[in-house]
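Numbering (the working numbering), first residue to last: 97 to 280.
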């Protein structure tokens, strides 16, 4: 065998090794393409599943939104009622402010004797109310005093107390210890 034959033999062996290497690479590439093919075959089913779930999600979102809109529709009149109550309260409070201001103006214009009589009447009414509450408490407790009380003498005592309170009120009004703001 001469050198050319050996060279051709070496080239043949090299081409055989190269063919085996290329065959292995192509075989690996073929398995990769088979995997891609399987994935692509499954893709439409997966996309259908995803699109169905997305459709269900959108449908549920629409139902939830409709439910929220319905509930807001039922709450809207309630908010209007609360607003009307607030407006009525504001109107009432402004009317009370006007009434208080006019009453204060009339009290400032009234003469001192008239104020003393009103103040005495106020103290008398307060004393009578206090007496009635005490009697009511005693009646509820069931604790009556052991001695019999005479209504006339009790009334005389209360009258004396009321007259004393009126005198104290007049004295306070004259000495300037009473202001018209104290009555409100």
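We treat Cβ as the ideally placed atom computed from N, Cα and C, and that holds for glycine.
Where residue 273 sits in the DSSP three-state scheme | Correct three-state label for residue 273: coil.
Counting Cβ pairs, one atom from each stretch, are 3 or more of them under 8 angstroms apart for the stretch 171-183 and the stretch 227-236?
-> No contact exists between the stretch 171-183 and the stretch 227-236.
Buried or exposed: where does residue 269 fall if 16 or more other Cβ atoms within 10 Å of its Cβ makes it buried?
-> Residue 269 should be labelled buried.
Out of curiosity, what's the CA-to-CA distance linking residue 178 and residue 144?
-> If I take the Cα positions, the gap works out to 50 angstroms.
State yes or no: is the C-beta of residue 219 within less than 8 angstroms of the C-beta of residue 262?
-> Yes. Within cutoff.
Can you give the Cα-Cα distance for residue 280 and residue 255, rounded to whole angstroms?
-> Only weak support exists for where residue 280 lies, its pLDDT of 48 falling under 50; the coordinates are left without a value.
Consult DSSP for residue 98 and reduce its assignment to one of helix, strand or coil.
-> Three-state result, residue 98: coil.
Please list, in chain order, all residues of the same chain as residue 139 whose beta carbon is under 6 angstroms from its beta carbon, the five residues on each side excluded.
-> Nothing meets the Cβ criterion.
If residue 257 sits next to residue 222, beta carbons under 8 angstroms apart, how far is it from one beta carbon to the other, in whole angstroms?
-> Separation of the CB atoms of residue 257 and residue 222 is rounded to 11 angstroms, and the pair is thereby denied contact status at 8 angstroms.
Where does residue 216 land, buried or exposed, given buried means 16+ other C-beta within 10 angstroms?
-> It counts as buried.
Buried versus exposed, by CB contacts within 10 Å (16 or more), residue 110 | Around the Cβ of residue 110, a 10 Å sphere holds fewer than 16 other Cβ atoms; the residue is exposed.
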